[in-house]
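**Student:** Per our numbering, the very first residue in the sequence shown carries number 247; after that it's consecutive.
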Amino acid sequence: MARRRQIFEGKAKILFEGPEPGTLVQYFKDDSAAFNVQKRGVITGKGVLNNRISEYLMTRLGEIGVPTHFVRRLNMREQLVREVEIIPLEVVVRNVAAGSFAKRFGMAEGTPLPRSIVEYYYKSEPLNHPMVSEEHVTAFGWAAPQDLDEIMSLSLRINDFLSGLFLGIGIRLMDLKVEFGRLWEDEHMRIVLADEISPDSSRLWDIKTSERLDRERFRDDLSKIADAYQEVARRLGILPESGPADIKGPETMQ
Ligand code: TMP
C-alpha cells in the first residue's frame, strides 16, 4: 500500500492527504502532550474515544446547521474531513470560571459567569498561545471583522447547543475551545468549525458532584484520564459496555 502523505503533525493529531482533492484524513493519537500537565505520555484509548466523541458532537452540530469540516469517521482512529484554511485562533467560550480565567481574575473555580464570555488566543506554540483582542486579530489580518462576527456567533451557538446537550447527560460544560477554517467553494468562502470537539478541548464537570470528567481530574495519573473520557462517551450513549475496542458505528442509545 502506498504511504500516505503527511500534511501536519500536532500534539494530539496527525493530518494526512485525503483520498480526494480537498479532503484530509484526521488521525487521533493517544499522546497527552496536548495538555498543560507536567507528565507527558500516552493515554491508551484516548485517540479512539476522542475520534468517536468528536464525530458525535460534530454530527449533532451539523444537524442544527452549524457548518463543520467533518465528513465521516473512517475507522477507530481516523475521520475524513474537508481541507480548510485554518484561522490561527483558539476561540474559548467560558460559562463558569475555571482554569486560566479563574486565576487571571482571582475567582473561585466553579463561579458562574454573568454571561458566556468569548476569548481569542493566537495559535502559536512558540509564543504559548497568547490571548489576543479583536484589534490584534483584524490588524494582523488573521481574520476580517465580518469573519470575526461569524466566528463569534458560531462559537456562541456551538456553546449553547453543547451546553444543553451535556446538561441532558448530567454534565456542565464549563468552557470549551473551538477552531475554525475557511472553506472555499467556487468563489465563495464559508467559515466552518474545524479541528475537534472532545474532552481534550473542553472542561466537563459532573453536575451533581462537580467531579471532573476531563483530563484535569487526574493530573497525577494519566492512566485514569481515559476512564473519564470513557464515562463521557458512555453518557453520550456512544460507548458499548465492553469499552472503546468495541466501538463500531454511530449508534446512539437515546
Ligand atoms: P484554560 O482555562 O486553561 O485557558 O482553558 C480553557 C479551555 O481551552 C479549556 O476548555 C481547555 C481548552 N484548551 C485547549 O483546548 N488547549 C489548550 O492548550 C489549552 C490551554 C486549553
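Each residue gets a CB set at the ideal place from its N, CA and C atoms; glycine is no exception.
Return helix, strand or coil for Phe262, following the three-state DSSP convention.
**Tutor:** It is a strand residue.
**Student:** For Phe347, which of helix, strand or coil comes out of DSSP?
**Tutor:** Note: Phe347 maps to helix in three-state DSSP.
**Student:** Which partner residues does Leu326 have in the DSSP bridge list?
**Tutor:** Note: Leu326 sits in a beta bridge opposite Val271 and Arg318.
**Student:** Mapping the DSSP letters down to three states, classify Glu431 as helix, strand or coil.
**Tutor:** Residue state, collapsed to three classes: strand.
**Student:** Of all Cβ atoms in chain C, is any one closer than 8 Å to the Cβ of Ile417?
**Tutor:** You won't find chain C in this structure, because it holds only one protein chain.
**Student:** Between the beta-carbon of Pro391 and the beta-carbon of Ile299, is there less than 8 Å?
**Tutor:** No, the Cβ-Cβ distance between Pro391 and Ile299 is not below 8 Å.
**Student:** Run through the segment 288 to 312 for me and flag every whole alpha helix (DSSP H) of 4 or more residues, listed as ranges in chain order.
**Tutor:** Runs found: 292 to 309.
**Student:** Please find out if some non-hydrogen atom of the ligand TMP comes closer than 7 Å to the beta-carbon of Gly345.
**Tutor:** Yes, since a heavy atom of the ligand TMP falls inside the 7 Å radius drawn around the Cβ of Gly345.
**Student:** Over what stretch of residues does the alpha helix (DSSP H) that includes Pro391 continue unbroken?
**Tutor:** Counting along the chain, the alpha helix (DSSP H) containing Pro391 begins and ends at Pro391 to Leu413.
**Student:** Please go through the same chain and pick out, in chain order, the residues whose beta-carbon is closer than 7 Å to the beta-carbon of Asp432, but skip the five residues on each side of it.
**Tutor:** Excluding residues within five positions, none has a Cβ falling inside 7 Å.
**Student:** Taking DSSP's pairing of strands, which residues face Val383 in a bridge?
**Tutor:** According to DSSP, which records beta bridges pairwise, Val383 is partnered with nothing at all.
**Student:** Under 8 Å by Cβ, that's how I've got Leu422 and Val327 pegged, so tell me the actual separation to the nearest angstrom.
**Tutor:** With 8 Å as the limit, Leu422 and Val327 do not qualify as a contact, their Cβ atoms being about 19 Å apart.
**Student:** Closer than 8 Å by C-beta to Ile253: which residues in its own chain qualify, once you throw out the five before and the five after it? Chain order, please.
**Tutor:** These residues qualify, in order along the chain: Leu261, Phe262, Glu263 and Leu270.
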